[in-house]
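Asker: Mapping of the sequence shown onto the UniProt record's numbering: position 131 corresponds to residue 131, and the numbering continues sequentially without gaps. Provided herewith is a single structure, encoded as structure tokens, for subsequent inquiry.
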Amino acid sequence: MKAYLAGPEVFRADAREAAAARKALCATYGVEGLHPFDQTLDGLAPDVLAGAIFRNNVDMMRAADVVIADLTPFRSPSADPGTAFELGFAFALGLAVYGWSASPEPLFERTVAGARRDELRGLEDGRTLHHDGLVVEDFGHADNLMLIEAIAASGGRFFTAGDGPWSAPGGLDPFEACLAAASGRLSFAAAAEPPIQKKRAGTSHG
């Protein structure tokens, strides 16, 4: 099985070492990890490099059997936008997508946590209005509904670190839980669907 490893760890100062560690863990589950840093693109001008990275990543996803996406919040309450694209592309290819996050909190909680109390306003229909004039999405999901629902619809799983409704079972690291589930070493009974908070009426659609 080949798994494309999507996520913002490519921006780490020690990204190559982190990639090697992820791939080594994949191998212990009989999975070949495909990582953006597998490609050698040294010496290219920035504008040429960007296009080459895109094409190579797309080619790796086409060669993969599954995608494991790191949806840990990246410089915002939500996931890295590049990873979000890759998750959607994988879904469109018909691949199973597995997601994980280092954050156990729902998207709604993370979003409102970054605002002052006077920057939020409750509406009569139960929704919460942000100071930017837009409603805060609140489906009880860990991230935007299009990401989390795509994972579920693809037949994949989603896990988080820490205590919460999506906690990885058996004390596993959430990335490793994705590997275990994708390789069939984690039973679906052990990784039962987490309870989803009851959505409020009229929540945002996307």
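C-beta atoms are modelled at their ideal positions from N, C-alpha and C, and glycine is treated no differently.
In the DSSP assignment, what residue or residues form a beta bridge with THR128?
Answerer: GLY122
Asker: From LEU123 to PRO104, what distance separates their C-alpha atoms?
Answerer: 26 Å
Asker: Just reading off the beta strand (DSSP E) that PHE159 is part of, what are its end residues?
Answerer: 158-160
Asker: Along the chain, where does the beta strand (DSSP E) containing ALA96 start, and where does it finish?
Answerer: 96-101
Asker: Pull up the distance between the alpha-carbon of LEU41 and that of PHE54, whole angstroms please.
Answerer: Taking the straight line from one Cα to the other gives about 12 Å.
Asker: Using the three-state DSSP reduction, which class does ARG51 fall into: helix, strand or coil?
Answerer: According to the sequence as given, residue 51 is Gly; it is not Arg. GLY51: helix per DSSP, three-state reduction.
Asker: Based on Cα-Cα distance, which residue from PRO169, GLY156, GLU109 lies nearest to GLY140?
Answerer: GLU109
Asker: Go ahead and pull the three-state DSSP assignment for VAL136.
Answerer: coil
Asker: Can you list, in chain order, the residues of its chain with a C-beta nearer than 7 Å to that of GLY33? Leave out the 5 residues immediately preceding and following it.
Answerer: ALA3, LEU5, ARG22, LYS23, CYS26
Asker: Expressed to the nearest angstrom, what Euclidean distance is found between the alpha-carbon atoms of VAL112 and ASP80?
Answerer: VAL112 and ASP80 have their alpha carbons spaced roughly 19 Å apart.
Asker: Decide if THR28 is buried, meaning its Cβ has at least 16 other Cβ atoms within 10 Å, or exposed.
Answerer: It counts as exposed.
Asker: Verify whether the separation of the beta carbon atoms of PRO8 and PHE74 is less than 9 Å.
Answerer: yes
Asker: So, helix, strand or coil for SER154, using DSSP?
Answerer: DSSP places SER154 in helix when its eight states are reduced to three.
Asker: Can you tell me whether GLY202 is buried or exposed? The criterion is at least 16 other CB atoms within 10 Å of its CB, across all chains shown.
Answerer: Since pLDDT at GLY202 reaches only 45, below the 50 mark, its modelled position is unreliable, and no value is offered.
Asker: Would you check if there are 3 or more beta carbon pairs closer than 8 Å linking the region 92-107 to the region 140-152?
Answerer: yes
Asker: Cα-Cα, which of ALA168, LEU107, MET146 is closest to THR128?
Answerer: LEU107
Asker: Does PRO46 pass the burial test, meaning 16 or more other C-beta atoms within 10 Å, or should it be called exposed?
Answerer: Under the 10 Å beta carbon count, PRO46 is surrounded by fewer than 16 other beta carbons and is classified as exposed.
Asker: I need the straight-line Cα distance from MET61 to ASP132, nearest angstrom please.
Answerer: Their Cα atoms are separated by approximately 36 Å.
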